[in-house]
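**Student:** Per this note's numbering, the first sequence runs over residues 21 to 289. Glycine residues also receive a C-beta, built at the ideal position from the N, C-alpha and C atoms. Remember, it's a predicted structure, so these values are computed and weren't measured experimentally. Pasting in a structure now, in structure tokens, and then I'll have a few things to ask.
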Amino acid sequence: MKTFECGQNFLFESFDNGQTYYGPFKDRIVKLVQITPHIIGIDSNVKKNLKNEMEIFLRCKDDYNEMLKVIAIDDLMNEVISYSKGLRLLKQEEFECSISYLLSQCSNIPRIKHHLRQLGEIYGQKVRYEKREFFLFPTREDLLDVSEDTFRELGFGYRAKYIWNFINCHPGFLLEEFEDSEEFNKNLQCIDGIGKKVADCIQLFGYGDVTHFPVDIWIKRFMIQYYNEGKKASTKILSRLGRQLFKNWAGYAQEFIYYYARKNMKIEN
DNA sequence: ACACAGGCCGAAT
DNA sequence: ATTCGGCCTGTG
């Protein structure tokens, strides 16, 4: 399932080469099965309100075809789309998402997954589901008593301070709502350890604001090569460019491009 | 063994 | 407004 192979979520995993994925979502373990290219089967150890929760998680209300039309701005994007089509953007749980992207900086996917799994195994609730053992991701409250040193011992390195600070110094953060998308973005960047890229990711994947266009190293390579005549540009500039090109669906374009770029672009510079 | 990661921060241009 | 070194440490 492309949705879980494009680096937006770190805790869902497949046990059968990609037909079925299991992972934590809020208070439960969810199973998603690709039945046909267009149909996803859903199950969970907690059935209550499952359909509604999954419609939000999988962003079922988005007009996928409309989105495709808007981001198909040229031949290149048509190629990207035909390669990445089927991928769904997720609207993840806010706290887990924030911690994930705070940990992601200057790291790599296997390591990020390892760190997040450790948090689950130590501080999250254990759940048995279909004869397997899973762990929910801890809530902010679950992590209030954990010291910065402990996070360091888990291998977070200099990110330990960011994580501790986020948990302990921004208790109201998740509840805050901002009318203005830009204002929220700036407020996120005021938090220690959150810069432009991480703020964009949290806003896009955690708060469901698909107008944002996070620029990581892969997006940067792609954008510079194809939409900036090979000239260097800052992530800030490229993020703005992405939003100009792909309008209100920039977040989808970003994930489509990411999936495409990781598989198809050679590493240069 | 030893650079290098899906950045951020602060200081110095 | 842009560039640069340092930050931690698991992974390749």
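Could you say which of T231, F186, I101 and K267 lies nearest to Y200 if we only look at CA atoms?
**Tutor:** It should be noted that the sequence gives Asp, not Tyr, for residue 200. Looking at the Cα atoms, T231 is the closest of the given residues.
**Student:** In whole angstroms, what separates the C-alpha of I211 from that of T56?
**Tutor:** Those two C-alpha atoms are separated by around 42 Å.
**Student:** Identify every run of the alpha helix (DSSP H) within the stretch 203-239, keeping only runs that are complete inside it and at least 4 residues long; order them along the chain.
**Tutor:** 216-221
**Student:** State the CB to CB distance for the pair L136 and S118, rounded to an integer number of angstroms; the pair is presumed to be in contact (CB under 8 Å).
**Tutor:** Going by Cβ atoms, the distance from L136 to S118 rounds to 12 Å, so no, they are not a contact pair.
**Student:** Among N69, D94 and K51, whose alpha-carbon lies nearest the alpha-carbon of D63?
**Tutor:** K51
**Student:** Any idea if Q39 is buried or exposed, counting beta-carbon neighbours within 10 angstroms, 16 or more meaning buried?
**Tutor:** The residue in question, Q39, is exposed, as its Cβ has fewer than 16 Cβ neighbours within 10 Å.
**Student:** Whose C-alpha, out of G43, K256 and E249, is nearest the C-alpha of K217?
**Tutor:** K256
**Student:** Can you tell me where the alpha helix (DSSP H) with V100 in it begins and where it stops?
**Tutor:** V100 -> alpha helix (DSSP H) spans D95 to S104.
**Student:** Where does K111 fall in DSSP's three states?
**Tutor:** Looking at K111 - three-state DSSP - the assignment turns out to be coil, as it is neither helix nor strand.
**Student:** Report back the beta-carbon spacing between E113 and F45 to the nearest angstrom; my notes put them in contact at under 8 Å.
**Tutor:** About 6 Å separates the Cβ atoms of E113 and F45, confirming a contact at the 8 Å cut-off.
**Student:** Check this for me: beta carbons of F225 and Y42, under 9 Å apart or not?
**Tutor:** no
**Student:** Report yes if the CB atom of T23 is closer than 9 Å to the CB atom of L70, and no otherwise.
**Tutor:** Not in contact: T23 and L70 (Cβ atoms no closer than 9 Å).
**Student:** Taking the alpha carbon of I101 as the point to measure from, which residue in F115, N188, F233 and Y84 has its own alpha carbon closest?
**Tutor:** Y84
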